[in-house]
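Colleague: Going down the list, the sequences are from chains A and B. Using our numbering, read the first sequence as starting at 1 and increasing by one per residue. Using our numbering, read the second sequence as starting at 1001 and increasing by one per residue. Quick reminder that beta carbons are idealized off the backbone N, C-alpha and C, glycines included. Since the structure is predicted, the reported quantities are computational estimates derived from the model, not experimental observations. Have a look at this one.
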Amino acid sequence: DGGITQSPKYLFRKEGQNVTLSCEQNLNHDAMYWYRQDPGQGLRLIYYSQIVNDFQKGDIAEGYSVSREKKESFPLTVTSAQKNPTAFYLCASSVSWTGDYNEQFFGPGTRLTVL
Amino acid sequence: AQKVTQAQTEISVVEKEDVTLDCVYETRDTTYYLFWYKQPPSGELVFLIRRNSFDEQNEISGRYSWNFQKSTSSFNFTITASQVVDSAVYFCALSEGVGFKTIFGAGTRLFVKA
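Below, the structure written as structure tokens:
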């Protein structure tokens, strides 16, 4: 079955540690995205990638980093520079960044808690 | 600048009632796309519908229907004969034609009571 997988489902981090959230898709989509969702709020874009080996900052990129070395993978690293990282993180992909195929399909999410 | 407003924070209905979720958007572009997503308690967003700005036809899919009105910049979502399984947070979203990111509204939490 095609889809998006995220791991781990739950992640606990101590202050000062970097952690990496995994996102893999087998939909052959060009574009991939990372969003952050805080309780009772909408989605905010952290980073996006229109195509492999390329990525752009979203609205709240500070304290985060990404890579896109393979089409199917778009890992997100939450660094110690991110002051308030406790949140629900959602990865998504779409056939393309723009045009008639830009609806996004989402993974199950990773809930990150800083202890 | 693009903006999506979902003024209803929470709605509570009894099973079998009809319910309409409102979405108002702002954009300066003539080409844009509107979306609705459902986020059940499990957390994963599920894509429901995409509509482009040149297609104002209303759409019906089972118990779901969408009313797109450019004159009022609205893209409302109606669930007919609601069921408990419809309980979720629903997000409306907008993306402009070329090279712009998708903006999500704050979401409307729907409670359907048995």
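For a test of the three-state rule: what should DSSP assign to residue 1016/B, helix, strand or coil?
Modeller: Coil.
Colleague: Could you list which residues in chain B have their beta carbon closer than 7 Å to that of residue 103/A, in chain order?
Modeller: Here the neighbours are 1035, 1047 and 1050.
Colleague: What does the Cβ neighbour count give for residue 55/A, buried or exposed, with the cut at 16 atoms within 10 Å?
Modeller: That one is buried.
Colleague: When the Cα atoms are used, what is the spatial distance from residue 29/A to residue 72/A?
Modeller: If you take the alpha carbons of residue 29/A and residue 72/A, they lie about 8 Å apart.
Colleague: Once you ignore the five residues that flank residue 1059/B on each side, which residues in its own chain have a CB closer than 6 Å to its CB?
Modeller: Taken in chain order, the residues that qualify are 1066.
Colleague: Name the two residues that bound the continuous beta strand (DSSP E) containing residue 1081/B.
Modeller: Where residue 1081/B is concerned, there is no enclosing beta strand (DSSP E), given that its DSSP letter is neither H nor E.
Colleague: For residue 62/A, is the classification buried or exposed, using 16 other Cβ atoms within 10 angstroms of its Cβ as the cut-off for buried?
Modeller: The residue is exposed, with fewer than 16 neighbouring Cβ atoms inside 10 Å.
Colleague: How would you label residue 1014/B, buried or exposed, when you count the other beta carbons within 10 angstroms and need 16 or more for buried?
Modeller: Flag for residue 1014/B reads exposed.
Colleague: Can the beta-carbon of residue 32/A be found closer than 9 Å to that of residue 81/A?
Modeller: The answer is no: Cβ separation not under 9 Å.
Colleague: Spell out whether any CB of chain B is found under 9 Å from the CB atom of residue 25/A.
Modeller: So no, residue 25/A is outside the interface.
Colleague: Taking only beta-carbon atoms, is residue 1077/B less than 9 Å away from chain C?
Modeller: Protein chains A and B are contained in the structure displayed, whereas chain C is not.
Colleague: With 9 Å as the threshold, decide whether the Cβ of residue 113/A is near any Cβ in chain B.
Modeller: Closer than 9 Å: no.
Colleague: Is DSSP giving residue 73/A helix, strand or coil here?
Modeller: Residue state, collapsed to three classes: strand.
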